[in-house]
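In UniProt numbering, the protein residues as written are 1 to 212.
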C-alpha cells in the first residue's frame with residue numbers, strides 16, 4: 001500500500017448540505033392500552049390461549065412518521081440575552097404489532113395497529129426549517145395482559161398495557177450551499193496479490209511405491 005498520495009493543489013468548491021440549526025437528544029416512554037377485540041388472523045373460537053406469552057413490536061409509521069402540528073415563537077432569556085426559539089407540537093406516528101405465542105409454539109401475529117403520540121419540544125427551528133427525528137432506540141414491552149379471550153379471528157385482552165420506550169435525536173435543518181477550500185481525495189493503492197505456487201502433497205515412500 002502506498003504510504004503517501006500524490007499532492008494536489010487545494011480548490012475552492014461549493015456543495016449542497018443540510019445546515020443544522022439545533023439538535024437535542026431526548027428519552028421518552030409512554031403507555032398504550034388497546035381495548036376491544038384485536039384482529040389476529042388464524043385465531044378461532046376454539047383456540048386455547050391458556051399460558052400464552054404476549055410480546056410486541058413497534059416501528060415508525062411509513063407514512064407521515066412525524067407531523068409538526070404547531071410552531072410558535074417564544075422569547076427566552078439565555079446567558080443574559082433574549083433569544084427567539086420555536087415551541088413545537090409534534091405528532092409521532094408508530095405501527096404496533098402484538099405477538100401471541102402458545103405453549104405448543106404456535107404463533108399468532110396481530111394486524112398492524114396505528115399508534116400516535118404528541119410531544120412538545122423547544123428548538124431553534126424558525127419557519128422554513130425541517131424537523132427530523134432519528135430513533136436511536138425504539139422498543140416496547142407488554143406490562144399487563146389480563147385475561148385473553150379468543151374470537152373469530154380476534155383476541156380480546158381484559159387489561160392490556162404496553163409500554164413504548166424511545167431514544168430520539170431531534171434536529172432542525174435547512175438546505176444550504178456552502179463554499180470551502182478543499183483537497184480532492186486520491187484512491188488508495190491496490191493491495192499486492194500473487195497466485196500461490198503449486199504445492200505437492202506429502203508422500204509416503206515407506207509403503208508406496210514398493211522398493212522391490
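Every residue gets a Cβ at the ideal spot worked out from N, C-alpha and C, and that includes glycine. Nothing here was measured: the structure is a model prediction, and the numbers come from that model.
Are residue 113 and residue 90 touching if we call contact CB-CB under 7 Å? Residue 90 sits away from residue 113, with the two beta carbons spaced by 7 Å or more.
What number of angstroms, rounded off, separates the C-alpha of residue 36 from the C-alpha of residue 157? Whole-angstrom Cα-Cα distance: 7 Å.
Would the C-beta of residue 44 count as close to the ligand GDP, meaning under 6 Å from any of its heavy atoms? For the ligand GDP, the structure offers nothing, since it holds no ligand at all.
Taking Cβ positions, are residue 167 and residue 136 nearer each other than 7 Å? Their beta carbons are under 7 Å apart, which means residue 167 touches residue 136 by this criterion.
To which residues of the same chain is residue 172 closer than 6 Å at the C-beta, ignoring the five residues directly before and after it? Excluding its 5 nearest sequence neighbours in each direction, residue 172 has C-beta neighbours in its own chain below 6 Å: 21, 22, 123, 125, 129 and 131, listed in chain order.
Which whole runs of the beta strand (DSSP E) in the stretch 74 to 122 are 3 residues long or more, in chain order? If we require 3 residues or more, the beta strand (DSSP E) runs fully inside the stretch 74 to 122 come out as 81 to 101 and 107 to 109.
Could you spell out where the beta strand (DSSP E) holding residue 132 opens and where it closes? Its beta strand (DSSP E) spans residues 130 to 144.
Reducing DSSP to helix, strand and coil, say where residue 58 ends up. In the three-state reduction of the DSSP assignment, residue 58 falls in the strand class.
Burial state of residue 140, where buried means 16 or more other Cβ atoms lie within 10 Å: It is buried - the Cβ of residue 140 has at least 16 other Cβ atoms within 10 Å.
Straight-line CA distance for residue 55 to residue 154? Cα to Cα, residue 55 sits roughly 16 Å from residue 154.
Reducing DSSP to helix, strand and coil, say where residue 70 ends up. Of the three classes helix, strand and coil, the one that applies to residue 70 here is strand, per DSSP.
Given a threshold of 16 other Cβ atoms within 10 Å of its Cβ, counted over all protein chains shown, does residue 110 qualify as buried or as exposed? Burial call: buried.
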